[in-house]
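Under the UniProt record's numbering, the first residue of the sequence shown carries the number 1, and numbering increases by one thereafter.
Ideal Cβ placement from N, Cα and C applies to all residues, glycine included.
First comes the structure, then the notes that go with it.
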Amino acid sequence: MTLLTESELRQVAEAIDRIERDTDAELVTVLAGQADDYRYIPLLWASLVSLLLPGALLFFSGWLSAWQLLLVQWLTFIVLAVIFRIPSLTSRLIPRSVRHWRACNLARRQFIELNLHHTEGGTGMLIFVSEAERYVEILVDRGISSRIDNGAWESIVADFTGKVRDGQVLEGFLGCIEACGSLLKQQVPATHERNELPNHLVVLP
């Protein structure tokens, strides 16, 4: 995981400050280390393999007693449950769709918990990153979505996702904030000075 230093966190906050001077949008950034601990994944795979292995042994050996099959199942489950808890292995066992589903759910929870749906004029905007899942999403409230089509964010998200994949989280945030700022300045320009939500980067473990 790429941890941002205090100096880098300040750079993100300063970037948000700069773009909010030119727009009514209330921008919040969230960096999550991981969307889920996936503790169930090693157990799920260990259970699956331990259930299938006896059938394979019976097919190739021709005969095994009931207690031998049970012993093989238990030993297989215990050994694999331990091995599959190695982080590098666990990450390979999680389907991409599951990783993105968990990250997507966390992004929406953060949008609600940070009160982005209660801003004046519905101009809340969330830039969410879950680093372990290499997942980036931009969520906006009705006041922004009514003026900017959701497709406008796709290239920004794609560029940011590539930087997260390369471990360039800070560069990704700064580039994303700048690109979003250009769109917001045109479509959701500032009408009065306000700052309803914190500008610092919210970091989740």
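In its chain, beyond the 5 residues on either side, 19 have a beta carbon closer than 6 Å to the beta carbon of residue 181. In this structure the stretch 34 to 43 lies against the stretch 86 to 98, because at least three pairs of beta carbons, one per stretch, are closer than 8 Å. Per the Cβ contact rule, the stretch 156 to 165 is not in contact with the stretch 139 to 147 (fewer than 3 Cβ pairs under 8 Å). With a 10 Å radius around the Cβ and a threshold of 16 neighbouring Cβ atoms, residue 24 comes out buried. Ranked by Cα distance from residue 145, the first of 202, 119 and 125 is 125. Residue 205 and residue 34 have their C-alpha atoms spaced approximately 7 Å apart.
Distances from the alpha-carbon of residue 119 to those of 17, 6, 194 and 46 put 194 closest. In this structure, the beta-carbon distance from residue 9 to residue 197 does not fall below 8 Å. In the three-state reduction of the DSSP assignment, residue 29 falls in the strand class, which pools E and B.
The three-state secondary structure of residue 84, taken from DSSP, is coil.
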